[in-house]
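A.B. asks: My questions will all concern the structure given below.
In the numbering used here, the protein residues as written are 114 to 275.
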């Protein structure tokens, strides 16, 4: 049982590392505001696929890593990932049976929640952001979700991650 419980751990870690790399790849300034939340999408996918293995503490840890990598206030992404991860785990059974377009709408709401939390923390530290610009990543993330979901599901099945 313990062997099956830890099956595919390397696949999960590699997917998180690839998502972090995609997050830090430089983009032209015109596209930078619309960058999808790659790490968040991969984290939500694993929360939906393996809720018994990937949870709030994983989200907290990934958020801390993202804070360090991006050089942001330590804990802001960690808090946002933990809260949205908790919400994801609470609704994961409903989301899993939904069609991809409804899942994309759920992802849009989760990413919007995450972005609002991060910008609320930024606002408390004196940094202001434009409301409309903060919705662009949520839209691009929701638009990317069906392809990410299908790709991650294929990878999970090929590597027999359980």
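Positions of the beta carbon are idealized from the N, C-alpha and C atoms, including for glycine.
Whose CA, out of 246, 269 and 273, lies closest to the CA of residue 145?
C.D. replies: Within the chain shown, the letter at position 32 stands for residue 145. Nearest of 246, 269 and 273 to residue 145, Cα basis: 246.
A.B. asks: When you compare each of 186, 127 and 202 to residue 238 by their alpha carbons, which one comes out closest?
C.D. replies: For the purposes of this step, residue 238 is identified with residue 125 of the chain shown, where counting begins at 1. The shortest C-alpha separation from residue 238 is found at 186.
A.B. asks: Is the beta carbon of residue 275 less than 9 Å from the beta carbon of residue 148?
C.D. replies: Your numbering for residue 275 matches position 162 in the chain shown. Your numbering for residue 148 matches position 35 in the chain shown. Against a cut-off of 9 Å, the Cβ pair of residue 148 and residue 275 comes out as no contact.
A.B. asks: Excluding the 5 residues preceding and the 5 following residue 159 in the sequence, name in chain order all residues of the same chain whose CB lies nearer than 7 Å to its CB.
C.D. replies: As a first step, residue 159 must be located in the chain shown, where it is residue number 46. Excluding sequence neighbours, residue 159 sits near 125 and 167.
A.B. asks: Secondary structure at residue 140, three-state DSSP: helix, strand or coil?
C.D. replies: Taking the chain shown and counting its residues from 1, the one referred to as residue 140 is at position 27. Looking at residue 140 - three-state DSSP - the assignment turns out to be coil, as it is neither helix nor strand.
A.B. asks: Could you tell me which whole alpha helix (DSSP H) segments of length 4 or greater appear in the region 148-196?
C.D. replies: As far as the region 148-196 is concerned, its whole alpha helix (DSSP H) runs of at least 4 residues are 151-162 and 169-183.
A.B. asks: Would residue 175 and residue 188 qualify as a contact pair, given that the criterion is a beta-carbon distance under 9 Å?
C.D. replies: Sequence index remark: in the chain shown, residue 175 carries index 62 (1-based). Sequence index remark: in the chain shown, residue 188 carries index 75 (1-based). No, the Cβ-Cβ distance between residue 175 and residue 188 is not below 9 Å.
A.B. asks: Between which two residues does the alpha helix (DSSP H) containing residue 212 stretch?
C.D. replies: Counting from one through the chain shown, the residue named residue 212 turns up at place 99. Premise fails: residue 212 is in no alpha helix (DSSP H) and is neither H nor E.
A.B. asks: Do residue 152 and residue 193 come within 9 Å of each other at the CB atom, strictly closer than that value?
C.D. replies: The count along the chain shown starts at 1 and reaches residue 193 at position 80. The count along the chain shown starts at 1 and reaches residue 152 at position 39. Their beta carbons are not under 9 Å apart, which means residue 193 does not touch residue 152 by this criterion.
A.B. asks: Determine the closest residue to residue 256 out of 213, 134, 232 and 234, with distance taken between C-alpha atoms.
C.D. replies: Taking the first residue of the chain shown as 1, we reach residue 256 at position 143. The residue with the shortest Cα to Cα distance from residue 256 is 213.
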